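Here the protein sequences line up with chains A and B, keeping their order.
For what it's worth, the numbering used here labels the leading residue of the first sequence as 723, then goes sequentially.
For what it's worth, the numbering used here labels the leading residue of the second sequence as 19, then goes sequentially.
Down below is the structure, laid out as structure tokens.
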Amino acid sequence: AQTVTQSQPEMSVQEAETVTLSCTYDTSESDYYLFWYKQPPSRQMILVIRQEAYKQQNATENRFSVNFQKAAKSFSLKISDSQLGDAAMYFCAYRSPLGGANSKLTFGKGITLSVRP
Amino acid sequence: NAGVTQTPKFQVLKTGQSMTLQCAQDMNHEYMSWYRQDPGMGLRLIHYSVGAGITDQGEVPNGYNVSRSTTEDFPLRLLSAAPSQTSVYFCASSNLAGPETQYFGPGTRLLVL
């Protein structure tokens, strides 16, 4: 079974600075998908970024980028030029490539990010 | 754009009562699932479905039932609510294969007294 670990429960960043959120995972599969979801106080789960393991290039979405280290099974999220609206809980998640009944997401416990003005 | 909808948004139950959490999606997704979110636990899978008439258990299925009579709807039933079922419940849907994003509903906050 796959596991996802987010070892930092809380982090804080100054507005306009850069912050990196850590995530590690364990799997025996060679191909898979990784996601970062954002959950603001509204509780809505919002997809931030996703990475396909067979792609060597790190995914980027505007101010959000990942550092995907497949051998180390590490998938960190970098937020550049942090904004007050980035304050939220962030979840790292894993999805098997097998599809069908294996389409579930396995989540880490989440990290609460606060942004200081 | 309705996406994934959930009702109710908030519910208070007494121990032993039953209720159904509703979930519907309008994206013709085959895969639908229910998660519960508890502090410090992330989201854990309760039940899932890969199509109409097909359901299966996830990580924490005890105390919950599901059915999938149509592609669009995937209700979650609590037969006899317990305080341990106090949580926030999310419904999600996606296509079955590939790096498909799972789309989440807005959540239902349930308090069992």
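Beta carbons: idealized from backbone N, C-alpha and C, even for Gly.
Note that the structure is predicted; figures quoted are calculated from it, not measured.
Give me the Cα-Cα distance between residue i and residue j, rounded to the nearest whole angstrom.
i: R838/A; j: F786/A; result: 18 Å
i: V68/B; j: F813/A; result: 24 Å
i: S802/A; j: E118/B; result: 26 Å
i: R95/B; j: P57/B; result: 22 Å
i: Y121/B; j: K27/B; result: 17 Å
i: A815/A; j: P731/A; result: 15 Å
i: A20/B; j: T33/B; result: 33 Å
i: M733/A; j: K831/A; result: 14 Å
Apart from the five residues just before and just after residue i, which ones in its own chain have a Cβ nearer than 6 Å to its Cβ?
i: M767/A; result: Y759 and Q761
Identify whether residue i lies in helix, strand or coil by the three-state DSSP scheme.
i: L114/B; result: coil
i: S744/A; result: coil
i: G830/A; result: coil
i: A815/A; result: strand
i: N824/A; result: helix
i: K806/A; result: Before going further, note that residue 806/A is Leu rather than Lys in the sequence given. Helix.
i: Q103/B; result: helix
i: E774/A; result: strand
i: D56/B; result: strand
i: S764/A; result: coil
My guess is that residue i and residue j are in contact by the Cβ rule of under 8 Å, so how many angstroms apart are they, rounded?
i: C745/A; j: V726/A; result: 7 Å
i: Y66/B; j: G81/B; result: Actually they do not touch by this definition, with Cβ atoms about 16 Å apart.
i: Q728/A; j: D748/A; result: The pair is not a contact, with the Cβ atoms about 13 Å apart (cut-off 8 Å).
i: Q773/A; j: L756/A; result: 5 Å
i: T126/B; j: Q24/B; result: 5 Å
Considering only their Cβ atoms, is the gap separating residue j from residue i smaller than 8 Å?
i: L835/A; j: A810/A; result: yes
i: K800/A; j: N784/A; result: no
i: L129/B; j: V22/B; result: no
i: Y776/A; j: R817/A; result: no
i: Q43/B; j: S111/B; result: yes
i: T38/B; j: P101/B; result: no
i: D74/B; j: C41/B; result: no
i: E739/A; j: S825/A; result: no
Can you list, in chain order, the residues of its chain whose CB lies under 7 Å from that of residue i, leaving out five sequence neighbours each side?
i: R62/B; result: Y53, R54, E77 and V78
For residue i, would you say it is in contact with chain E, using Cβ-to-Cβ distances shorter than 8 Å as the test?
i: F108/B; result: The structure shown contains no chain E; its protein chains are A and B.
Excluding the 5 residues preceding and the 5 following residue i in the sequence, name in chain order all residues of the same chain whose CB lies nearer than 8 Å to its CB.
i: L131/B; result: V30, L31, K32, T33 and P101
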